[in-house]
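Trainee:
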């Protein structure tokens, strides 16, 4: 039976023979399983860069595998990062030789993108860590294990080494990493706690948005609990069982209670200026080297507490 690859040697060919468990599966799905700790975009890039062959010939990501097919692929060593190091102050909640956890402020972009190549968390990390960051997520996302939105504040995992990155990514995929958020939402929920279990995929009418859909989607589960209620609003905690893009924002809007300040999935005239009232408050994980269970918590930021004070 094909097993997940846990250790990669850069620029060294990797060969895998297809067995009955992956007969007629797409080539990109097979590689996504093999490279479980790597992002989907990373796996797709192997095909676009012609780094994957089947039986000695280049193969497309949509190729359907047959029993006995021999896939060979190579993971290239990450290119040197050419982004600028910027001395931007960081609120570091935890740090050691292989990883750190940052309390990201609302309004900060996590990684550079066209038209936004400076002032990001990555620019700050390159300065703080002097370039010692994992290369698994590519040149523009060194060290970034997972993301939170620009206008969401809170805790974010960063890996300094590839070993740490793989371990932390695996915990996310296996749902052993605890992630709890705090949010203010519109209205009052019928139940004081509950679960939203609804698949999330790309919105076909607006590719920048996500939505609850059965088409080309992934399962998504959010557990919520009411902490306090105010006139027209509720203060809740949300625990993620999965980690889909915009998951809490999409799920809360889906059940009719969008996050306060969210102009994408909620009211176009926000009750809270500057972004949604959403904070990644808790991270619990096993240390990638020592296996010690670590639980970190970031207090509610000023914008959040000011808004609660206003609506009480």
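In the working numbering, the protein residues as written are 1 to 312.
Backbone N, C-alpha and C define an ideal beta-carbon position, used for all residues, glycine too.
When the distance is taken between beta carbons, is residue 32 closer than 8 Å to residue 43?
Mentor: Looking up residue 43 in the chain shown gives position 43. Looking up residue 32 in the chain shown gives position 32. For residue 43 and residue 32, yes; Cβs fall inside 8 Å.
Trainee: So is residue 139 buried or exposed if we call it buried at 16+ other beta carbons inside 10 Å?
Mentor: Indexing the chain shown from 1 puts residue 139 at position 139. Looking at its Cβ environment, which holds fewer than 16 other Cβ atoms inside 10 Å, residue 139 is exposed.
Trainee: Please give me, in chain order, every unbroken run of the alpha helix (DSSP H) with length at least 4 that falls completely inside the segment 224-289.
Mentor: 247-254
Trainee: Would you say residue 278 and residue 259 are within 8 Å of each other, going by their C-beta atoms?
Mentor: Your numbering for residue 278 matches position 278 in the chain shown. Your numbering for residue 259 matches position 259 in the chain shown. Yes; because the gap between Cβ atoms is below 8 Å, this pair is in contact.
Trainee: For residue 347 and residue 257, what's the separation of their Cα atoms in angstroms?
Mentor: Residue 347 is absent from the structure shown; the chain starts at 1 and stops at 312.
Trainee: Nearest to residue 314 by CA position, among 216, 213, 127 and 243, is which residue?
Mentor: Lying before the first or after the last residue shown, residue 314 is absent from the chain, which here runs from 1 to 312.
Trainee: Kindly list the residues whose CB is nearer than 8 Å to the CB of residue 333, restricted to its own chain and excluding five residues on each side of it in sequence; keep chain order.
Mentor: Residue 333 cannot be examined here, being either before or after the span of the chain that is shown, 1 to 312.
Trainee: Just curious, the alpha helix (DSSP H) that residue 302 is in, first and last residue?
Mentor: Mapped onto the chain shown, residue 302 falls at position 302. Membership of residue 302 in the alpha helix (DSSP H) is indicated by the continuous run 302-311.
Trainee: Taking all protein chains shown into account, do 16 or more other C-beta atoms lie within 10 angstroms of the C-beta of residue 231, making it buried, or fewer, making it exposed?
Mentor: If you number the chain shown from 1, residue 231 lands on position 231. Its Cβ having fewer than 16 others within 10 Å, residue 231 is exposed.
Trainee: Which stretch, first to last residue, makes up the alpha helix (DSSP H) that contains residue 16?
Mentor: Against the chain shown, residue 16 aligns to sequence position 16. Not the alpha helix (DSSP H): residue 16 falls in the beta strand (DSSP E), residues 14-17.
Trainee: Rounded C-beta distance between residue 271 and residue 251? I'm assuming under 8 Å.
Mentor: Locating residue 271 in the chain shown gives position 271, counting from the first residue. Locating residue 251 in the chain shown gives position 251, counting from the first residue. Between residue 251 and residue 271 the Cβ distance is about 19 Å, and since that is not below 8 Å, they are no contact.
Trainee: Look at the alpha carbon of residue 34 and the alpha carbon of residue 169, and state the distance between them as a whole number of angstroms.
Mentor: Counting from 1 along the chain shown, the entry for residue 34 is found at position 34. Counting from 1 along the chain shown, the entry for residue 169 is found at position 169. Each residue's alpha carbon lies about 14 Å from the other.
Trainee: What's the gap between the Cα of residue 222 and the Cα of residue 53?
Mentor: Counting from 1 along the chain shown, the entry for residue 222 is found at position 222. Counting from 1 along the chain shown, the entry for residue 53 is found at position 53. Distance between the alpha carbons of residue 222 and residue 53 is about 39 Å.
Trainee: Which residue spans inside the segment 140-222 form an unbroken alpha helix (DSSP H) run of at least 4?
Mentor: 162-173
Trainee: For residue 106, does the three-state DSSP call read helix, strand or coil?
Mentor: Here residue 106 corresponds to residue number 106 of the chain shown, with the count starting at 1. If DSSP states are grouped into helix, strand and coil, residue 106 belongs with coil.
Trainee: Within the continuous beta strand (DSSP E) that includes residue 94, where are the two ends?
Mentor: Start at 1 with the first residue of the chain shown, and residue 94 comes out as number 94. Residues 92-95.
Trainee: At the level of alpha carbons, what is the spacing between residue 196 and residue 236?
Mentor: Position 196 of the chain shown, counted from the first residue, corresponds to residue 196. Position 236 of the chain shown, counted from the first residue, corresponds to residue 236. Residue 196 and residue 236: Cα-Cα distance of roughly 14 Å.
Trainee: For residue 105, collect the residues of the same chain with a Cβ closer than 8 Å to its Cβ; drop the 5 residues on either side in sequence, then sort them by chain order.
Mentor: The residue labelled residue 105 in the question sits at position 105 within the chain shown. Around residue 105: 91, 153 and 301.
Trainee: Indicate whether the contact test is met: 3 or more Cβ pairs, each with one atom in the segment 118-128 and one in the segment 181-197, closer than 8 Å.
Mentor: no
Trainee: Please look up how many angstroms separate the CB atoms of residue 360 and residue 171, rounded, as I've assumed it's under 8 Å.
Mentor: For residue 360 there is no data in the structure shown, the boundaries of the chain being 1 and 312.
Trainee: Scan the segment 38-86 and note each continuous beta strand (DSSP E) run of 3 residues or more that stays entirely inside, going in chain order.
Mentor: 52-54 and 70-73
Trainee: Just tell me which of 204, 207, 241 and 143 has its CA closest to the CA of residue 39.
Mentor: Position 39 of the chain shown holds residue 39. Residue 143 is the option with its Cα nearest to residue 39.
Trainee: My guess is that residue 88 and residue 137 are in contact by the Cβ rule of under 8 Å, so how many angstroms apart are they, rounded?
Mentor: Indexing the chain shown from 1 puts residue 88 at position 88. Indexing the chain shown from 1 puts residue 137 at position 137. That pair is no contact at about 20 Å.
Trainee: What is the rounded straight-line gap between the Cα of residue 262 and the Cα of residue 11?
Mentor: What you label residue 262 is simply residue 262 of the chain shown in a count that begins at 1. What you label residue 11 is simply residue 11 of the chain shown in a count that begins at 1. C-alpha separation (whole angstroms): 44 Å.
Trainee: With DSSP as the reference, please indicate the residues paired to residue 25 in a beta bridge.
Mentor: In the chain shown, residue 25 corresponds to position 25, counting from 1. Per DSSP, residue 25 has no beta-bridge partner at all.
Trainee: Just list the residues that DSSP pairs residue 101 with in beta bridges.
Mentor: Position 101 of the chain shown, counted from the first residue, corresponds to residue 101. Residue 101 pairs with 94 and 157.
Trainee: Might you give, ordered along the chain, the residues of its own chain that have their beta carbon closer than 6 Å to the beta carbon of residue 307, omitting 5 neighbours on each side?
Mentor: For the purposes of this step, residue 307 is taken as the residue at position 307 of the chain shown. 272 and 277.
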